[in-house]
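Novice: These protein sequence lines are chains A and B, in that order. For the first sequence, the working numbering begins at 1 and goes up steadily by one. For the second sequence, the working numbering begins at 1001 and goes up steadily by one. The C-beta atom is built at its ideal place from N, Cα and C for all residues, glycine as well. Since the model is a prediction, treat every value here as computed from it, not as a measurement.
Number of protein chains: 2
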Amino acid sequence: MSLPHAILTALLEKPSSGLELTRRFDRSIGYFWSATHQQIYRELGKLEQAGYIRALPAPVPARGQKKEYEVLPAGRAELAAWVDTAEDPKPMRSGLLLRMRAAAVVGGTGLRAELERHLALHRRQLDEYLEIETRDFPPERRATEPGRLRHLVLRGGIDLERFWVEWLTHAIGELAAE
Amino acid sequence: MSLPHAILTALLEKPSSGLELTRRFDRSIGYFWSATHQQIYRELGKLEQAGYIRALPAPVPARGQKKEYEVLPAGRAELAAWVDTAEDPKPMRSGLLLRMRAAAVVGGTGLRAELERHLALHRRQLDEYLEIETRDFPPERRATEPGRLRHLVLRGGIDLERFWVEWLTHAIGELAAE
DNA sequence: CAGCGCATGTAAGTGGTTACATGATTCA
DNA sequence: TGAATCATGTAACCACTTACATGCGCTG
Chain A
1 MSLPHAILTA LLEKPSSGLE LTRRFDRSIG YFWSATHQQI YRELGKLEQA GYIRALPAPV
61 PARGQKKEYE VLPAGRAELA AWVDTAEDPK PMRSGLLLRM RAAAVVGGTG LRAELERHLA
121 LHRRQLDEYL EIETRDFPPE RRATEPGRLR HLVLRGGIDL ERFWVEWLTH AIGELAAE
Chain B
1001 MSLPHAILTA LLEKPSSGLE LTRRFDRSIG YFWSATHQQI YRELGKLEQA GYIRALPAPV
1061 PARGQKKEYE VLPAGRAELA AWVDTAEDPK PMRSGLLLRM RAAAVVGGTG LRAELERHLA
1121 LHRRQLDEYL EIETRDFPPE RRATEPGRLR HLVLRGGIDL ERFWVEWLTH AIGELAAE
């Protein structure tokens, strides 16, 4: 039940239309809470009905016309309340680990290549995060509010990708040593 | 679309009833592909219909009676084929990181406590994995088939929990330094 | 024989994915 | 004016979650 809160956060950072939100999800919030444009439009409708956001008055309201949304006080209050709720981490789900476990039972020749492929993908993601870090968080901005929290979030993404790169490298080495 | 393959893997490791599978998911395969008993029963029905598994002949087939399943050759073939397919890693989804990003916008007083809580949970999970490692994978078994792949999978779980513990510890330290 | 735990299931609801539909704008 | 692109939306489907229902077997 977190998509609406992801959208509220994004809209507070900057009022946007549905498609703009979609794009921003693709390269920012979506790194830890992804969403497609269909989800976003549906959710925008619900949030508007709930009185959490409103569409800025548009000259010609019609299908195919851009519609900008902004967060209302009730929406900000809802988000602030949600921030202070507790929620257990969801158990992880990794198709790759599952594949590996299955390979331990039935064998399989393509596993090595699949590990290499994932390694390349995670390396690319790591590089992307590191670029964002040097661009948006120069050392002097890292310790000051409100950048500190956002930098910690990015750090989480970076360290997670590093974990994958290291584990995959290790796994490939083990498989090669057969 | 991986639950059926998780079940096939588990059944190949050891033929089981639905409830036994549920329990084994809770403390083994479920660490990287969790499932509830409702999902498992439903999926067992589908797998049986597809001819991938069969129920071992029971003395009294009736509701409330235990039903053991075993994998048929077609099921093993399906699993072997699946192991050699490619699949991109799904973008991660973390409610905690989202909360943190929201806190950067609307503030929030409970974030610190929530981080501590998650830290405790991840520490406990890490300990559990480490116990499994010392119990099931003594050093001499780690390099030999077929334990090597399974040990790599466990290693993945361990390193992932270590990542969380380290990141959370760092984040809590940063927040304390206000 | 009542109550509890084991075991298998059904039903309804939610959230996310995939495929498609429609209107507006721009530009060759 | 027709094709490409921007922008908003609908519909069907699928996986997962939550709540509940039912029957068997053992034990007090």
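Can you tell me the Cα-Cα spacing of Gly147 (chain A) and Ala10 (chain A), whole angstroms?
Specialist: Approximately 15 angstroms, taken between the alpha carbons.
Novice: Should Ala1102 (chain B) be labelled buried (16 or more other beta-carbon atoms within 10 Å of its own) or exposed?
Specialist: Its Cβ being crowded by 16 or more others within 10 Å, Ala1102 (chain B) is buried.
Novice: Quick one: grab the DSSP three-state call for Ala1077 (chain B).
Specialist: Here Ala1077 (chain B) sits in helix by DSSP.
Novice: Could you give the C-beta distance for Phe1163 (chain B) and Phe163 (chain A), rounded to a whole number, given that I count them as a contact under 8 angstroms?
Specialist: Correct: roughly 4 angstroms between the Cβ atoms.
Novice: Check whether the Cβ of Phe1137 (chain B) lies closer than 8 angstroms to any Cβ atom in chain A.
Specialist: No, because no Cβ of chain A sits closer than 8 angstroms to the Cβ of Phe1137 (chain B).
Novice: How should Leu1019 (chain B) be labelled, buried or exposed, when 16 other C-beta atoms within 10 angstroms of its C-beta is the threshold for buried?
Specialist: The residue is exposed, with fewer than 16 neighbouring Cβ atoms inside 10 Å.
Novice: Which same chain residues, not among the five before or five after His118 (chain A), have their C-beta less than 7 angstroms away from its C-beta?
Specialist: Taken in chain order, the residues that qualify are Leu96, Leu168.
Novice: Does Glu70 (chain A) come out as helix, strand or coil in the three-state DSSP assignment?
Specialist: Glu70 (chain A) falls in the strand class under three-state DSSP.
Novice: Assuming contact is defined by CB atoms lying nearer than 8 angstroms, are Gly1030 (chain B) and Pro89 (chain A) in contact in what I supplied?
Specialist: In this structure, Pro89 (chain A) does not lie closer than 8 angstroms to Gly1030 (chain B) by Cβ.
Novice: If you measure from the beta carbon of Asp1127 (chain B) to each beta carbon in chain A, is any gap under 8 angstroms?
Specialist: With 8 angstroms as the cut-off, Asp1127 (chain B) does not count as an interface residue toward chain A.
Novice: First and last residue of the alpha helix (DSSP H) that includes Ile132 (chain A)?
Specialist: Counting along the chain, the alpha helix (DSSP H) containing Ile132 (chain A) begins and ends at 111 to 136.
Novice: Assign Ala1086 (chain B) to one of three DSSP states: helix, strand, or coil.
Specialist: Residue state, collapsed to three classes: coil.
Novice: Are Tyr955 (chain B) and Glu1078 (chain B) close, meaning C-beta to C-beta below 8 angstroms?
Specialist: Only positions 1001 to 1178 of chain B appear in the structure, and residue 955 (chain B) is not among them; the question remains open.
Novice: Under the rule that 16 or more other beta-carbon atoms within 10 Å means buried, what is Gly1157 (chain B), buried or exposed?
Specialist: Result: buried.
Novice: So the candidates are B:Leu1047, B:His1151, B:His1037; which of them puts its Cα closest to the Cα of Val1071 (chain B)?
Specialist: Per the Cα distances, B:Leu1047.
Novice: Would you check if the distance between the CB atom of Gln1039 (chain B) and the CB atom of Leu1003 (chain B) is smaller than 8 angstroms?
Specialist: It is a contact, given that the beta carbons lie within the stated cut-off.
Novice: For Tyr1041 (chain B), I'd like the list of residues in its chain whose CB is within less than 8 angstroms of its CB, leaving aside the five on either flank, ordered along the chain.
Specialist: Gly1018.
Novice: Taking 8 angstroms as the CB-CB limit, is Asp26 (chain A) close to chain B?
Specialist: Not one chain B Cβ lies under 8 angstroms of Asp26 (chain A).
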